[in-house]
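In full-length UniProt numbering, the protein residues as written are 1 to 705. So the structure is just underneath, and the comments pick up after that.
Here it is, written out as structure tokens:
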């Protein structure tokens with residue numbers, strides 16, 4: 001590894017320095033240690049790629065260890081799912097281990113700590129312990145049970161083990177330092193009583209070790225050289241080392257804990273608790289719902305193991321937490337599927353197209369390329385006839401000049417087939433088009449080499465022959481959350497951002513070559529995106545999941561919304577320059593409509609925050625956000641809202657003050673409204689010289705109310 005000409009990340013640098021300092025390469029050993037209390041998600045994929053990737057690079061073993069110390073939340077189902085995910089990602093573990101394998105050794109070591117007077121049984125309630133533990137800024141105080149005798153502690157701990165006490169009556173704590181600046185070092189819990197059935201040890205144990213006690217000792221027992229975990233465990237490192245100090249044998253290797261940044265993914269959540277909530281409350285259809293950030297959900301949606309490994313390598317390892325845009329992940333799957341996915345034709349919003357001069361009853365089997373990115377993919381035959389389905393959006397009866405699809409009087413090419421010309425339409429009683437009638441150029445067959453076949457036309461459409469098409473259920477998946485960071489707002493519940501349009505189910509029609517498609521087979525539906533056969537699919541009912549579109553529609557949408565904000569900020573300056581009320585109403589109405597159409601809460605919140613300053617146009621714009629957005633004032637950060645109203649009520653502009661007063665009048669929070677009652681009364685008693693009649697009227701209504 002050291003000889004390779006490549007830039008090392010800081011994790012690799014740590015290993016290289018240890019090797020240079022005398023650690024033998026043969027002593028290198030890594031582990032991936034999931035808790036089996038849920039399915040693995042995209043964040044775990046990065047950790048898997050890191051640890052198993054180090055194993056590959058250094059030709060060192062990597063253990064798969066289940067930290068199964070909490071029988072209340074852990075199940076065999078999760079163990080099986082985790083093993084499947086790691087294998088599917090393409091990795092092999094050296095040993096399959098469980099923290100529960102070490103329960104007896106952990107217990108014996110706990111007894112040793114009691115005998116050394118470094119652990120004691122505490123009989124306080126959890127509420128009493130929370131008070132006694134202090135705060136980050138105030139030291140803790142000793143438990144009244146801290147100085148129990150070794151003999152009493154040994155007796156109580158054994159009786160805890162034997163199941164003589166109810167849960168919550170006693171715990172075992174390490175005796176460290178109740179005044180430590182690290183709260184985790186203030187006599188942390190080592191064992192608690194749980195009368196729960198364990199998925200592996202059954203009912204053999206009535207006490208279970210806490211994560212901090214079990215984790216480092218498990219690393220030590222397995223002789224893990226480097227224990228890599230995410231940044232939230234940085235404060236735990238001191239405790240990790242303290243526990244190892246108590247049992248370390250100089251003749252054995254001592255594990256080293258180091259931390260790397262969690263990589264959060266936009267428009268999703270990667271908390272197991274929140275993922276479980278989504279499942280339990282049926283916002284999704286199980287852990288493997290294709291909208292979930294779980295590895296099983298991504299696999300079902302159509303993501304490949306190669307794309308997830310590439311994603312992990314692309315985002316790399318960092319020392320600071322950050323938010324990775326999901327478009328990076330989508331780029332990785334597009335890049336992979338572009339190479340491997342066969343091209344086929346499917347129509348998801350069909351309208352009938354009739355070729356009026358095509359011989360009645362005739363059908364042809366035309367040659368179509370399977371994948372222009374892969375020369376070895378070959379060709380297939382697709383049936384062609386006089387009646388086809390095309391996408392409804394691919395035809396306009398009256399089209400603008402830059403419409404490059406089918407319209408009356410213009411020509412387009414049918415993919416792999418002929419050039420056609422729009423002639424007429426048939427409509428139902430409601431004016432909806434039910435048939436499009438066209439003629440075709442008989443000499444224009446693609447690949448025939450004729451002069452007509454080489455004629456340039458404005459566009460190319462995909463299609464399927466109605467007579468031969470297979471009906472399919474197509475599940476159009478979109479991002480599960482409308483906001484890029486749904487669980488990052490103090491005033492909001494992440495569920496408030498669930499995208500109501502994250503799944504649309506349509507009936508589509510696909511070419512007959514897909515009749516033998518199997519679960520997880522992947523295709524590019526030409527001009528539409530990449531699709532994967534779902535596990536619900538049967539020979540009699542094909543089911544496809546949309547994996548990803550050919551382009552990033554969200555990026556385009558995001559740019560459009562950002563432009564809308566920027567244009568509104570420009571327009572708002574006109575509000576103060578026009579002379580008539582009608583002109584101001586028109587400007588406000590246009591800006592309000594723009595704000596209403598913005599779905600990104602983070603964009604609105606950031607825009608509001610940036611515009612809380614002494615500029616009257618900025619303050620008015622922020623007040624417009626409160627009035628016209630689809631969110632309430634209480635959804636935004638309370639500190640920002642207070643600051644906005646305080647500055648707006650002191651603004652030099654009567655328009656800003658009036659808009660702030662109207663928003664305050666209608667605000668949902670009476671507490672917030674009352675905080676500005678003195679300011680409102682002051683404005684009413686001594687109105688500014690430039691106060692408009694409208695402002696004075698609003699003040700009068702609010703004071704009398």
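All C-beta atoms, glycine included, are put in the ideal place defined by N, C-alpha and C.
Just to confirm my understanding: we take residue i, look at its own chain, exclude 5 residues before and 5 after, and list those with CB closer than 6 Å. What are they?
{"i": "residue 315", "result": "263 and 324"}
{"i": "residue 52", "result": "62 and 91"}
{"i": "residue 626", "result": "633 and 663"}
{"i": "residue 697", "result": "none"}
{"i": "residue 699", "result": "683 and 684"}
Quick check on DSSP: helix, strand or coil for residue i?
{"i": "residue 213", "result": "helix"}
{"i": "residue 122", "result": "strand"}
{"i": "residue 292", "result": "coil"}
{"i": "residue 529", "result": "strand"}
{"i": "residue 263", "result": "strand"}
{"i": "residue 372", "result": "coil"}
{"i": "residue 145", "result": "coil"}
{"i": "residue 270", "result": "coil"}
{"i": "residue 654", "result": "helix"}
{"i": "residue 94", "result": "coil"}
{"i": "residue 612", "result": "coil"}
{"i": "residue 135", "result": "strand"}
{"i": "residue 153", "result": "helix"}
{"i": "residue 503", "result": "strand"}
When the Cα atoms are used, what is the spatial distance from residue i to residue j?
{"i": "residue 628", "j": "residue 552", "result": "28 Å"}
{"i": "residue 45", "j": "residue 485", "result": "19 Å"}
{"i": "residue 428", "j": "residue 434", "result": "6 Å"}
{"i": "residue 239", "j": "residue 550", "result": "49 Å"}
{"i": "residue 480", "j": "residue 270", "result": "12 Å"}
{"i": "residue 244", "j": "residue 221", "result": "11 Å"}
{"i": "residue 665", "j": "residue 589", "result": "20 Å"}
{"i": "residue 327", "j": "residue 555", "result": "8 Å"}
{"i": "residue 217", "j": "residue 292", "result": "34 Å"}
{"i": "residue 703", "j": "residue 287", "result": "54 Å"}
{"i": "residue 236", "j": "residue 130", "result": "18 Å"}
{"i": "residue 462", "j": "residue 361", "result": "22 Å"}
{"i": "residue 215", "j": "residue 9", "result": "25 Å"}
{"i": "residue 93", "j": "residue 101", "result": "17 Å"}
{"i": "residue 41", "j": "residue 329", "result": "13 Å"}
{"i": "residue 16", "j": "residue 241", "result": "21 Å"}
{"i": "residue 398", "j": "residue 343", "result": "31 Å"}
{"i": "residue 213", "j": "residue 190", "result": "6 Å"}
{"i": "residue 68", "j": "residue 651", "result": "59 Å"}
{"i": "residue 405", "j": "residue 602", "result": "37 Å"}
{"i": "residue 257", "j": "residue 294", "result": "26 Å"}
Cα-Cα, which of the options is closest to residue i?
{"i": "residue 416", "options": "345, 451 and 637", "result": "345"}
{"i": "residue 598", "options": "696, 563 and 22", "result": "563"}
{"i": "residue 348", "options": "302, 474 and 186", "result": "474"}
{"i": "residue 332", "options": "383, 305, 251 and 250", "result": "305"}
{"i": "residue 318", "options": "289, 261 and 558", "result": "261"}
{"i": "residue 407", "options": "419, 418, 394 and 414", "result": "394"}
{"i": "residue 524", "options": "285, 536 and 302", "result": "302"}
{"i": "residue 412", "options": "452, 385, 379 and 381", "result": "452"}
{"i": "residue 285", "options": "503, 159, 548 and 16", "result": "503"}
{"i": "residue 432", "options": "350, 516 and 366", "result": "350"}
{"i": "residue 478", "options": "464, 500 and 488", "result": "500"}
{"i": "residue 653", "options": "680, 614 and 558", "result": "614"}
{"i": "residue 468", "options": "98, 338, 363 and 12", "result": "363"}
{"i": "residue 168", "options": "249, 185, 125 and 489", "result": "125"}
{"i": "residue 166", "options": "174, 156 and 173", "result": "156"}
Using a Cβ-Cβ cut-off of 7 Å (strictly less than) and excluding sequence neighbours within five positions of residue i, which residues of its own chain qualify?
{"i": "residue 591", "result": "568, 571, 572 and 624"}
{"i": "residue 47", "result": "32"}
{"i": "residue 357", "result": "439 and 440"}
{"i": "residue 414", "result": "420, 461 and 463"}
{"i": "residue 140", "result": "132, 133, 134, 178, 179 and 186"}
{"i": "residue 173", "result": "119, 120, 122, 187, 188, 189 and 190"}
Here's a check: name, in chain order, each residue in its chain whose Cβ is nearer than 8 Å to the Cβ of residue i, leaving out the five neighbours to either side.
{"i": "residue 109", "result": "217, 246 and 247"}
{"i": "residue 335", "result": "307 and 310"}
Practice item. Determine, using beta-carbon pairs with one atom in the region 643-654 and one in the region 671-687, whether at least three such pairs fall under 8 Å. Key: Of all C-beta pairs linking the region 643-654 to the region 671-687, three or more are shorter than 8 Å, placing the two stretches in contact.
Exercise for review: Determine contact between the region 436-453 and the region 500-507, defined as no fewer than three beta-carbon pairs at a distance below 8 Å.
Suggested key: The region 436-453 is not in contact with the region 500-507.
Exercise for review: Answer yes if the region 108-120 comes into contact with the region 79-97, meaning at least three C-beta pairs across the two stretches below 8 Å, and no otherwise.
Suggested key: A contact between stretches requires three or more CB pairs, one per stretch, nearer than 8 Å, and the region 79-97 fails this requirement with the region 108-120.
Review point. For the region 62-72 against the region 179-199, are there 3 or more C-beta pairs whose distance is under 8 Å?
Key: Judged by Cβ distances under 8 Å, the region 62-72 makes contact with the region 179-199, as three or more pairs qualify.
Exercise for review: Determine contact between the region 526-534 and the region 629-639, defined as no fewer than three beta-carbon pairs at a distance below 8 Å.
Suggested key: Too few Cβ pairs lie closer than 8 Å, so no.
Practice item. Specify whether the region 152-161 and the region 197-207 touch according to this definition: at least 3 beta carbon pairs, one from each stretch, less than 8 Å apart. Key: Yes, the region 152-161 is in contact with the region 197-207.
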